[in-house]
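The structure under discussion appears below in the form of structure tokens.
2 protein chains.
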Amino acid sequence: MSNSSRCAACKSLRRKCPQDCVLAPYFPSNNPQRFSWVHKIFGASKITKMLQQLPVELRGEAADCMAMEAYLRVENPVYGSVGIIYQYQQQIIEVQNEIIKINGEIAVYNALLQHQQLQQHQDSFFSTDNDFNL
Amino acid sequence: MSNSSRCAACKSLRRKCPQDCVLAPYFPSNNPQRFSWVHKIFGASKITKMLQQLPVELRGEAADCMAMEAYLRVENPVYGSVGIIYQYQQQIIEVQNEIIKINGEIAVYNALLQHQQLQQHQDSFFSTDNDFNL
Numbered sequence: 006m007s008n009s010s011r012c013a014a015c016k017s018l019r020r021k022c023p024q025d026c027v028l029a030p031y032f033p034s035n036n037p038q039r040f041s042w043v044h045k046i047f048g049a050s051k052i053t054k055m056l057q058q059l060p061v062e063l064r065g066e067a068a069d070c071m072a073m074e075a076y077l078r079v080e081n082p083v084y085g086s087v088g089i090i091y092q093y094q095q096q097i098i099e100v101q102n103e104i105i106k107i108n109g110e111i112a113v114y115n116a117l118l119q120h121q122q123l124q125q126h127q128d129s130f131f132s133t134d135n136d137f138n139l
Numbered sequence: 006m007s008n009s010s011r012c013a014a015c016k017s018l019r020r021k022c023p024q025d026c027v028l029a030p031y032f033p034s035n036n037p038q039r040f041s042w043v044h045k046i047f048g049a050s051k052i053t054k055m056l057q058q059l060p061v062e063l064r065g066e067a068a069d070c071m072a073m074e075a076y077l078r079v080e081n082p083v084y085g086s087v088g089i090i091y092q093y094q095q096q097i098i099e100v101q102n103e104i105i106k107i108n109g110e111i112a113v114y115n116a117l118l119q120h121q122q123l124q125q126h127q128d129s130f131f132s133t134d135n136d137f138n139l
């Protein structure tokens with residue numbers, strides 16, 4: 006990659022972007038913000054090291070997740086991505102409680118239906134009795 | 006803090022642990038693993054900087070979240086904490102679909118109950134007719 010088309014990382018770090026730049030495929034020059042998040046939270050050397058330790062076919066996904074993780078910590082410096090995890094855990098508990106509640110309603114419906122069916126059978130039984138009496 | 010009771014961070018970095026060590030309250034010497042996670046993923050200087058930028062009362066929570074975030078990335082070097090977020094998103098979708106399904110079941114129960122109630126009214130109507138006919 007020529008110096009005139011440095012990746013966002015090399016541009017930010019004011020260095021030449023080598024042909025085999027580890028960061029270039031995942032931090033294109035048209036999205037400097039994305040690199041600035043991971044640079045701020047993890048640092049360029051950690052990111053490079055973490056990507057290098059992965060097989061090439063997994064690096065894109067890893068870079069996306071690191072960028073999201075870094076963005077979430079920039080946005081929420083106390084909780085970061087764990088804040089979203091807590092939020093989702095809470096949401097799952099609430100939705101599961103809703104399911105328990107709805108299943109309770111279904112049990113009531115079932116009991117009502119059985120009661121009505123029993124009553125109908127009784128009614129038809131007495132109605133048959135009447136027919137016999139006629 | 007004396008050198009003999011250095012915090013996990015200062016012990017790992019082989020330095021003296023000053024009285025006003027920023028990391029000491031959150032990385033006690035009895036849990037070296039916790040510091041090793043954040044050290045590996047964020048680096049000591051980033052952690053120190055991120056904690057220093059927060060009010061003291063929020064640093065404990067932030068250190069816990071950073072430790073969890075770092076642990077999750079050590080455990081899952083591709084997805085990290087974002088992997089848990091994806092997993093929870095999927096779980097929320099599944100549970101919401103279950104609610105939609107159960108609500109559908111409730112609608113069926115409602116229809117069944119109404120149908121039975123209607124039938125009971127009709128039965129009692131005809132039964133009254135019979136009585137009149139008697």
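For the record, the sequence lines run as chains Y and S. Mapping of the first sequence onto this note's numbering: residues 6 to 139, in sequence order. Mapping of the second sequence onto this note's numbering: residues 6 to 139, in sequence order. Every residue gets a Cβ at the ideal spot worked out from N, C-alpha and C, and that includes glycine. Being a predicted model, the structure only gives us computed values, none of them experimental.
Any C-beta of chain S under 9 Å from that of residue i
i: Y/Gln-38; result: no
i: Y/Asn-35; result: no
i: Y/Glu-80; result: no
i: Y/Ala-14; result: no
i: Y/Ser-41; result: no
i: Y/Phe-47; result: yes
i: Y/Gln-24; result: no
i: Y/Gln-57; result: no
i: Y/Tyr-31; result: no
i: Y/Leu-63; result: yes
Sequence-distant residues of the same chain with beta carbon closer than 6 Å to residue i, five excluded per side
i: Y/Arg-64; result: Leu-56
i: S/Leu-139; result: With a pLDDT of 47 at S/Leu-139, under the threshold of 50, the modelled position of this residue cannot be trusted, and the question is left open.
i: S/Asn-81; result: Gly-88
CB contact below 9 Å: residue i versus chain Y
i: S/Phe-17; result: One point to set straight first is that residue 17 of chain S is Ser, not Phe, in the sequence displayed. Not closer than 9 Å to any Cβ of chain Y, the Cβ of S/Ser-17 fails to qualify, so no.
i: S/Val-83; result: yes
i: S/Ala-67; result: yes
i: S/Val-87; result: yes
Same chain, Cβ closer than 7 Å to residue i, neighbours up to 5 away in sequence not counted
i: S/Lys-53; result: The question names Lys, but residue 53 of chain S in the sequence shown is Thr. So the list reads Val-27 and Leu-28, once near-sequence residues are dropped.
query = So, do the region 68 to 80 of chain S and the region 39 to 48 of chain S have three or more beta carbon pairs nearer to each other than 8 Å?
reply = yes
query = Is there contact between the region 112 to 125 of chain Y and the region 115 to 129 of chain S, where contact requires at least three CB pairs shorter than 8 Å?
reply = Judged by Cβ distances under 8 Å, the region 112 to 125 of chain Y makes contact with the region 115 to 129 of chain S, as three or more pairs qualify.
key: Sufficient close CB pairs (3 or more, under 8 Å) joining the region 9 to 18 of chain S to the region 29 to 36 of chain S   = yes
message = Please give the ranges of any alpha helix (DSSP H) in the region 70 to 119 of chain S, keeping only runs that are unbroken, at least 4 residues long and fully inside the region.
response = You should have found no qualifying run.
inquiry  = Does the region 98 to 110 of chain Y come into contact with the region 96 to 105 of chain S, if we say contact requires no fewer than three beta-carbon pairs (one atom in each stretch) closer than 8 Å?
reply    = The answer is yes - the region 96 to 105 of chain S touches the region 98 to 110 of chain Y, with three or more Cβ pairs under 8 Å.
inquiry  = Which runs of the alpha helix (DSSP H) at least 4 residues long sit entirely within the region 10 to 40 of chain Y? Give them in chain order.
reply    = 13 to 17
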